[in-house]
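Input: a single structure, listed below in structure tokens.
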Amino acid sequence: MSQIESTPILPTSATLPVGGQNAGAAEETRSSQSLDTKTIVYKSEVMKQLMKMIDRVSPSGATVLVLGESGTGKELIARAIHDRSNRRNKPFVAINCGALRETLLESELFGHEKGSFTGAYTRKIGLAEAANGGTLFLDEIGELSPGIQAKLLRFIQEGEIFRVGGKDPIKVDIRLISATNRELDQEVTRGNFREDLYYRINTITVHSPPLRRRKEDIQLLVEHFLARGSHRILNRGRQMSEEAMKILMRYDWPGNIRELQNVCERLQILADGHTIMPGDLPENIVNPEQKIVTDDYDPTVTLYELEKRYILKALNYFDGNKTQAANALGITIKTLYNKLHEYGEFEKYAVHSKPVK
Ligand SMILES: Nc1ncnc2c1ncn2[C@@H]1O[C@H](COP(=O)(O)OP(=O)(O)OP(=O)(O)O)[C@@H](O)[C@H]1O
Ligand SMILES: [Mg+2]
0 MSQIESTPIL
10 PTSATLPVGG
20 QNAGAAEETR
30 SSQSLDTKTI
40 VYKSEVMKQL
50 MKMIDRVSPS
60 GATVLVLGES
70 GTGKELIARA
80 IHDRSNRRNK
90 PFVAINCGAL
100 RETLLESELF
110 GHEKGSFTGA
120 YTRKIGLAEA
130 ANGGTLFLDE
140 IGELSPGIQA
150 KLLRFIQEGE
160 IFRVGGKDPI
170 KVDIRLISAT
180 NRELDQEVTR
190 GNFREDLYYR
200 INTITVHSPP
210 LRRRKEDIQL
220 LVEHFLARGS
230 HRILNRGRQM
240 SEEAMKILMR
250 YDWPGNIREL
260 QNVCERLQIL
270 ADGHTIMPGD
280 LPENIVNPEQ
290 KIVTDDYDPT
300 VTLYELEKRY
310 ILKALNYFDG
320 NKTQAANALG
330 ITIKTLYNKL
340 HEYGEFEKYA
350 VHSKPVK
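Taking numbering that gives the first Met the number 0, the leading residue of the sequence shown gets 0, the next gets one more, and so forth.
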């Protein structure tokens, strides 16, 4: 699997129909057989706002930091910005900063001169140089080591790079777009990420919302992935049943759009009939393990229910040891007993062992 991708010149208007209200309709202008990896599919208000923001930001040339959980489409957003900028006919080069160790990353990013280290048999042009005139997308920028952070800062400030082992600075003109699923401001506070670099890379910050905050997009996305995914030939116009769609809408999608995409690919290959039924869906989606604490408020869960689940989880965690569980929960053993009685779970935990499920 390649960890570094570089995308050649992309003509925009043909590849990115992101026209607001109904991206699905705009898409119809494309061949229905093509594998589509660039269209941003959405109809939710939060995505409409985001796309407006992208429209505004793209032509400016400002550095952009894309924040969001894994699989929310950060790279897609970076490409969209590039494709709508006046650099669109120049390269868009992406590199995953988390995938390479420091020395390798430096030479991938900035290149190296012949003989600069063992194994450097030829001169190599780095990705920053390859992106000259275009956009450099640094994915997982939160993973950068302090050494590379310093070099990157210098590059942004001076607009020039040094190849590893090189003595002469080389002028390189790029627009920088970065992304991370970390809370980068907190990494700055913790001293893991340079503050000066942080301010340089986030002239504009864009938030890519998790899928659970834009569930209205699920249906369009499913249609898109079933019709346009890698195994589209196998799909033969398969549709999602209403019941199966309800289950997809109920699920929280911790892996976001990538997880939904994977599920759709699997359905393209494995689903039996013409209509996808609940039984065709993966078990973990139909019966997800109930999450105990989420960052999001869930209007279907009462405080009582949340407390109960949390206490039972703690007991399971400590293999039924009530003293340990009570200590960890910060309650007395007596309170724990009372709660278990209340829940009608006392018998189950009467002996010190994990209950059989
Ligand atoms: N709105 C969308 N419409 C269509 N496809 C999408 C959308 N958002 C994401 N995708 C697809 O979902 C997959 C994940 O997106 P992407 O790689 O951009 O996410 P990411 O946030 O960069 O993830 P990671 O943090 O894991 O690197 C890609 O295949 C992308 O094409
Ligand atoms: Mg990514």
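The beta-carbon is built from N, C-alpha and C at its ideal position, and this holds for glycine as well.
Residue 238 has 274 as its beta-bridge partners, per DSSP. Between ligand 1 and residue 74, a heavy atom-to-CB distance of less than 7 Å is present.
A straight line joining the alpha-carbon of residue 134 with that of residue 203 spans about 15 Å. Here residue 220 has 40, 256 and 259 as same chain residues with Cβ atoms under 7 Å from its own Cβ, once five neighbours each way along the sequence are excluded. Residue 285: member of the alpha helix (DSSP H) spanning 282-285, first to last residue.
Going by C-alpha positions, residue 154 is about 27 Å away from residue 72. Around the beta carbon of residue 156, fewer than 16 other beta carbons lie within 10 angstroms, which makes this residue exposed. Residue 184 and residue 148 have their C-alpha atoms spaced approximately 15 Å apart. Partner residues in the beta bridge of residue 179, as assigned by DSSP, are 66. Residue 205 carries a strand assignment under DSSP once its states are collapsed to helix, strand and coil.
The beta carbon of residue 252 sits closer than 7 Å to those of 210, 211, 258 and 259, all from its chain and outside the five residues before and after it, given in chain order.
Partner residues in the beta bridge of residue 123, as assigned by DSSP, are 111.
If you check the C-beta of residue 324 against ligand 2, you find no heavy atom less than 7 Å away. Looking at the DSSP output, residue 174 bridges to 134.
Residue 142 is positioned such that its CB atom lies closer than 8 Å to that of residue 96.
The beta carbon of residue 248 lies closer than 7 Å to those of 214 and 217 in the same chain, with the five residues before and after it left out. If you draw a straight line from the Cα of residue 240 to the Cα of residue 275, it is about 6 Å long.
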